[in-house]
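A.B. asks: Read the sequence shown against numbering that gives the first Met the number 0 and you will find it ends at 131, with the numbers running on by one and no gaps. Cβ coordinates follow ideal geometry from the N, Cα and C atoms, glycine included. Take a look at the following structure, please.
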Amino acid sequence: MVWHPGKYAELLSERIAKNNVNVWLVNTGWTGGKYGVGSRIKLYYSRAIISTIAEGSLNDSKTSENHYFGFETVLDCAGVPSDVLDPSISWPDHSEYEKTAAYLAGLFIENFKQFEAGVAPEILKAGPVQGH
């Protein structure tokens, strides 16, 4: 990278605000448990999510905040089961989900320490937390 990661975060944040953009993170990967337990999200679910985003029909959807990463999870999307939308309910063992989510948040926090010195406070506050 040419610039410090904090610079890229600032540029992205500025452009999102300037252009009044809705940002969507779409899990097209894994659901229903860790590797070996869960499975890949079916392509037609990913397509349904992307289609509803493009149509704008998810803009006013009911959401739930992920307590580790702070993003909002859409609770209802036409053609997509709720357990695909919310990974916390797709895992058969909820305590295993919580333990894994906390572990992943911790990995992110540890890895990001190397960049903290060059990152604005508001960006630092947007990162994950380990507990809830």
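Just tell me which of E54, F114 and K41 has its CA closest to the CA of P80.
C.D. replies: Within the sequence shown, the letter at position 81 stands for residue 80. Per the Cα distances, K41.
A.B. asks: Whole angstroms is fine: what's the gap from T99's alpha carbon to W90's?
C.D. replies: Indexing the sequence shown from 1 puts residue 99 at position 100. Indexing the sequence shown from 1 puts residue 90 at position 91. If I take the Cα positions, the gap works out to 11 angstroms.
A.B. asks: Would you tell me roughly how many angstroms separate the C-alpha atoms of Y7 and V118, rounded to the nearest one?
C.D. replies: Indexing the sequence shown from 1 puts residue 7 at position 8. Indexing the sequence shown from 1 puts residue 118 at position 119. Each residue's Cα considered, the two are about 10 angstroms apart.
A.B. asks: Could you pull the DSSP bridge partners for S38 from this structure?
C.D. replies: Taking the first residue of the sequence shown as position 1, residue 38 is located at position 39. S38 is bridged to T30.
A.B. asks: How many angstroms separate the CA atom of A53 from the CA atom of D59?
C.D. replies: Residue numbering aside, residue 53 sits at position 54 when the sequence shown is read from its first letter. Residue numbering aside, residue 59 sits at position 60 when the sequence shown is read from its first letter. Rounded to whole angstroms, A53 to D59 spans 13 angstroms at the Cα level.
A.B. asks: Find the nearest neighbour of P120 within the set V1, M0, E9 and W2, judged by alpha-carbon distance.
C.D. replies: In the sequence shown, counting from the first residue as 1, residue 120 sits at position 121. That would be E9, whose Cα lies nearest to the Cα of P120.
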